Each structure stands twice: as structure tokens, then as C-alpha cells.
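Going down the list, the protein sequences come from chains A and B. Per my numbering, residue 44 is the first one in the first sequence, and the count goes up by one each step. Per my numbering, residue 31 is the first one in the second sequence, and the count goes up by one each step. Note that CB positions come from ideal geometry on N, CA and C, so glycine has one too. All values derive from a computational prediction rather than experimental measurement. For reference, the structure discussed in these notes is given below.
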Amino acid sequence: MKKMKYILLAVLALALLVTAGCDPNNEKGTPNGSSASVSGNAPVSAGSAPSSAAQKEPVKNMEIKVYYPDDQGMKLVAVKRKVKTNNSGKYAAAIKSLMEGTKEKGQSTIIPKQAKLKGVTVKGDTAYVDFSQDLVKHFTGGSTGEEMLVGSVVNTLTEFSEIKKVQILIEGSKVESLGGHVDLSVPVERMSNLLK
Amino acid sequence: MNTLFRWASLAGAVLLAVLMLLPGTTEAARHVQDHELNYFQTSEKTVDGRKVLRIEIGMNHDKLEYKVSTKPYLAKQLIIDMENTVPGELRKTITLKKDLASRVRIAELQRNHTQVRIDFANDVQEGNYKVYTLERDRKAKKPYRLVIDIFESEGGGAAGSVGTVRGHTIVLDAGHGGSDSGAVGPTGAAEKDVTLAVAKKLQAILQNSGARVVMTRTKDVDVYGPNSSATQELQARCNVANFDPSSDIFVSIHCNSFSNPSASGMETYYFAGSRQGRKLATLLNEELDKEMGLVNRGVKTANFYVIKHTNMPSSLIELAFISNYREEKLLKSNTYQQKMAMAIARAISRYFR
Chain A
44 MKKMKYILLA VLALALLVTA GCDPNNEKGT PNGSSASVSG NAPVSAGSAP SSAAQKEPVK
104 NMEIKVYYPD DQGMKLVAVK RKVKTNNSGK YAAAIKSLME GTKEKGQSTI IPKQAKLKGV
164 TVKGDTAYVD FSQDLVKHFT GGSTGEEMLV GSVVNTLTEF SEIKKVQILI EGSKVESLGG
224 HVDLSVPVER MSNLLK
Chain B
31 MNTLFRWASL AGAVLLAVLM LLPGTTEAAR HVQDHELNYF QTSEKTVDGR KVLRIEIGMN
91 HDKLEYKVST KPYLAKQLII DMENTVPGEL RKTITLKKDL ASRVRIAELQ RNHTQVRIDF
151 ANDVQEGNYK VYTLERDRKA KKPYRLVIDI FESEGGGAAG SVGTVRGHTI VLDAGHGGSD
211 SGAVGPTGAA EKDVTLAVAK KLQAILQNSG ARVVMTRTKD VDVYGPNSSA TQELQARCNV
271 ANFDPSSDIF VSIHCNSFSN PSASGMETYY FAGSRQGRKL ATLLNEELDK EMGLVNRGVK
331 TANFYVIKHT NMPSSLIELA FISNYREEKL LKSNTYQQKM AMAIARAISR YFR
């Protein structure tokens, strides 16, 4: 009886792994590697809607803008990236590209590399971007770090004209704040005061 | 008849004599119980890192009844009234060359009622002194005595003072705390410790200047109660200010941090649209700039929880970057913490001017 349980578990786990690996949206969601710092095989399922409709959407090369703070954490710098994605996967693709970080001079990476994107969904003009708990756990920054982190996510998503507000979620839930400063209990509008 | 009268008058006389004697005997008995002061000693020591001045006033009997009081118009004086006590041989005025108190005066106000008045260096405040009695100590050759311990203000050192804050209520929020250490510097300095140290020094200065100070925390703790969740931590801090009807301003003290260790400087924040908040943040920025001379990152607006959800003018201060090696050193330094606290106090004083 006990053995049976283990076998069943193993089979289930295998099945999960296989399906995750086959997720076509996943492949399409990753950047195409045109930028030096982009690596294209992160095995996270971060697609916004891995539905059959999404699979049928044509994949194309898209130019997006992501934002990184400058060295002093005073302003956000816009960086152009090319990603291979489709229309419904572009939001997650942009955030994943942002999460790759930067090695450019005069720019800093603020999203901890341990953080994982769990998904981006859009309702009306608001994007809900869901991160793993690691974003909070590994966040190191005061007011400036938090302002820059939130600003980089919000401004990257509001680059898409249909997105006006961004609600950051942790493991699917709303939080007061990431690091004790920025109010994340309600959706945040584009932070244009951080742009040069 | 005659003998009866004689007996009656004799009994009456005896009764009268007894009655007349009685108060005399009780008076005499009470007189024996009187305390006569016969010993005076001061000493200084350090308890839990706080300097303490101990004044011991000894006497010939135990079971002293005393009352401790202060007068609102004599903010720096502690008054102790002792019943059934005479000053004895002690001098009426004893000058102390101490940091925490300057003079002790002893006077017999009424017969058998002696009053001791102690002039403190700072305002007399609960928690800054303790009065109690100690039993006779034969070994130390000390009689039964009244002990007055005067503690240095909690910020350490004699707190400074500023004008125009008297009568105002200021809510101080030492950022982070307890389970949330805040940012941590390259050599391990925790933001929560720096913010608390500066807030306590600031509290001492403001109280010393006559302000009422409300602290969101005075220890290394989370502010939210044991029955609420960690996600209510920032709201709990706002509630401390919002639930106090006399709160005039809210000042949140933080240390900044960034992923790039070269980031440096001081900045102050207010919530966009609050005129008074902007005034407060501007004054804080000016005074901290003058005092510290760090890179001035400016007076800014931000969507910060505690300045958004408090109902009174508020500002959040980022003293310096704890993630920057050089600034971490300043933030850890007791001297600089005192300087920063003084600069913030001056700004608050200007705000109420």
C-alpha cells in the first residue's frame, strides 16, 4: 500500500515536470537574447495566460522598454530590449527581461535575483504582477531601494499604453509594503517623477 | 455626705489628672518616633549604561512616611515631604557639583514636617528618578535612609533643548524594529538600532524642551499587537499618531539603503499635496544638511505608507545610507546620532515658530 503511494507520487511529479517543460508559452515568453545580459532559458512558468488561444497567437519580435535605477538610486534609466513574444505574453516577457538585471555602467540591478515572477494578469487598465516571497525576503534597500524597485516594475508595465496602474502581489496576495516604505496596498500609477 | 463628696472630688481629680496626662504621654510617645536626619551622602555610578546620581539621606529611625511631588511651575525640582521628621544637624542648603543635580535644600516647614527639594539639571520626568528607602547597613556604616536615584536622560548625556515646542505633541517613529531589522550595513549595523537610538535622543531633547513626545516604539519590537498580522505593521505605526487627538506632527526616522553601495546622502520626504508636510520636510532637510553636510538628495514626495496614512503633517527622514561604508560609520556613531537628533529638534522647533 505504502509503495503504491510512492509510485503514484513519482508518476505525478514526472507528469508535472514534463508538462512544465512542454509549455509553449514559456519558450515564447523569454527574451530572444539580443541584449548581452539576457539569457533565454529560465525554467519558470510565468506566462500570463497559457491558454490554447495564447498558443495560437503569432509570436513576433517586439521592442520593449525596461527601467533600471542609476548608480545613486536617484532616477530610472530606460533601456530598450527585444523580446520574442506574443500579444498576451508581452507583459510577463517585459518583467522577465527586467528581472534579468543589468551590467551596464551607470545602471543598477535592484530586483533580487532570487525573486521569481509568478505571473502577470491584466484586468481593465490595471496589471497585477505576482512575485514569489523571495522578492520580500531578499530585498535589500531603504526608501530609495524600494522606490526604485517599485518604480522599475510599474514604469516597465505602464510603457504599454493600455496599462495605467500596477498592483504588485506577493504569492497572490496584496501586501502593505515590500520593505516598510512604499504603500502597495492599492495599485500604483506610473511614477514619472523618477524618470530623467 | 461629707466623705462621699471628698471621695468623689478625689476620683474627679485623679480622672482629670489622667485625662490631662494622656495627651502628654501620646505626645511624648510620638516624639520618640520622630525621625531626625543625620546622614547625607552622594555617589555616582552607571546602571545599564546610564549614569546615575544617588543621594542618600540617613536618619535615626526606620518606617519613614514620605510623599514625592513636583510643581508644574518648577519643572526641574523634585519635592519630598516627610512627616514626623526634623532636619537635625544637616545643612539647609547642600550644593552638588554634579551633572544631574545642582542643589539639595532641607527645611522644616512646620513642626516635625521636613521638606527636601532637589534641583535637577534637566526636567524632572517619570523614569528619570526613583525614590525609596533602604534599611540600616551596619557593615557599610549607613543608617536607615531615604534614597533618591537620578538617572541621565535616556538618550545619553545631558540632553540639549530647543525653543517653541513646549505644549506640542510630536509623534516619533523609529523605522523598522523587532522581526524587521530594516537595512543592514556592510559591517552589520542594523537600521532598526540606529533609528531607535536617534529617536530616543530626539525624544530626550524634545521632552527636555517641554514637548509631549509619543513614540511608536521605545524598544526593539514590532509595533503591531500580538493579535494582528505583520502586514499591519505600518498601519499600526500610523494608528499610534492617529488615535492620539493631540498629535501635531509625525516624524518617521529611517536609514537609506541601495543595491549600489556608492549611493549616499540625506533626503526628506512628505506626502504630495500636504503643505504643512512640505514645510516640515523642508526644515528637516535644511537643518540636517547644515549639521551633517552629506550629499543633499533633496526634499521629495513619495507614496510612502506612513506619511500617506497619518492624519497630521508628517515627514519621513532618510538620515544617510547605511549601505554606504562611510555613512554606515556615521550612523553607528553615538556622537553623530546626537548631532542628527539635535538637528531634527531644531527643525521641529522652527516648524512651530
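Proximity of A/Q115 to chain B, defined by a Cβ-Cβ separation below 8 Å, is satisfied. The alpha-carbon of B/T365 is positioned some 36 Å away from that of A/N236. Chain-ordered, the chain A residues with CB closer than 8 Å to the CB of B/D210 read G223. Residues of chain B whose Cβ lies closer than 7 Å to the Cβ of A/D226 are, in chain order, N333, F334, Y335 and K338. The C-beta of B/A213 comes closer than 8 Å to at least one C-beta of chain A.
In this structure, A/Q157 is the residue among A/T199, A/G162, A/Q157 and A/N104 with its C-alpha nearest to the C-alpha of A/K180. Cβ atoms of A/V193 and A/T201 stay farther apart than 8 Å, at about 12 Å.
Interface with chain A (8 Å Cβ-Cβ cutoff): B/S304 is excluded. Assigned with DSSP and collapsed to three states, A/I107 falls in strand. Within a 10 Å sphere around the beta-carbon of A/Q176 sit fewer than 16 other beta-carbons, which makes this residue exposed. Using a Cβ-Cβ cut-off of 9 Å, A/V231 is close to N333 of chain B, given in chain order. Using a CB distance cut-off of 8 Å, B/C268 does not count as an interface residue toward chain A. Collapsing the DSSP output to three states places A/G194 in a helix.
Legend: CB atoms of the stretch 151 to 166 of chain A lying less than 7 Å from CB atoms of chain B belong to residues S151, T152 and I153.
At least one C-beta of chain A is nearer than 8 Å to the C-beta of B/E263.
Looking at the backbone, the Cα of B/T76 and that of B/A131 are separated by about 16 Å. Nearest to A/F182 by alpha-carbon distance, out of A/H224, A/V120, A/T199 and A/G162, is A/H224. Taking C-beta atoms under 8 Å as the contact rule, B/V177 and B/Y162 qualify, at a distance of about 6 Å.
Straight-line spacing of the CA atoms in B/R168 and B/N68 works out to 15 Å.
A/R124 places its beta carbon less than 8 Å from that of A/I107. Note on geometry: alpha-carbon atoms of B/L349 and A/Y171 lie some 33 Å from one another.
Just measuring C-alpha positions, the residue of A/E190, A/E143 and A/L178 sitting nearest A/Q115 is A/E190. In the structure shown, the three-state DSSP call for B/K101 is strand. The stretch 106 to 118 of chain B and the stretch 134 to 147 of chain B touch, with no fewer than 3 CB-CB distances between them shorter than 8 Å. Interface with chain A (8 Å Cβ-Cβ cutoff): B/S292 is included. Interface with chain A (8 Å Cβ-Cβ cutoff): B/G205 is included.
Spanning the alpha carbons of B/M370 and A/V109 requires a straight line of approximately 38 Å. Proximity of A/T199 to chain B, defined by a Cβ-Cβ separation below 8 Å, is not satisfied. Any Cβ of chain B closer than 8 Å to the Cβ of A/S220 would place that residue at the interface, and such an atom is present. Note on geometry: alpha-carbon atoms of B/D129 and B/V270 lie some 34 Å from one another. Residue contact check for B/H284 against chain A: a CB pair falls below 8 Å.
In this structure B/Q265 does not touch A/E100 by the C-beta definition: roughly 42 Å separates them, more than the 8 Å allowed. About 17 Å separates the CB atoms of B/L346 and A/S228; that is not less than 8 Å, and the two are not in contact. Counted as a single uninterrupted DSSP element, the alpha helix (DSSP H) harbouring B/G307 occupies residues R305 to M322. A residue is called buried when at least 16 other Cβ atoms come within 10 angstroms of its Cβ; B/P102 does not meet this threshold and is exposed.
Put simply, of B/M89, B/D64 and B/I279 the residue whose alpha carbon is nearest the alpha carbon of B/R308 is B/I279.
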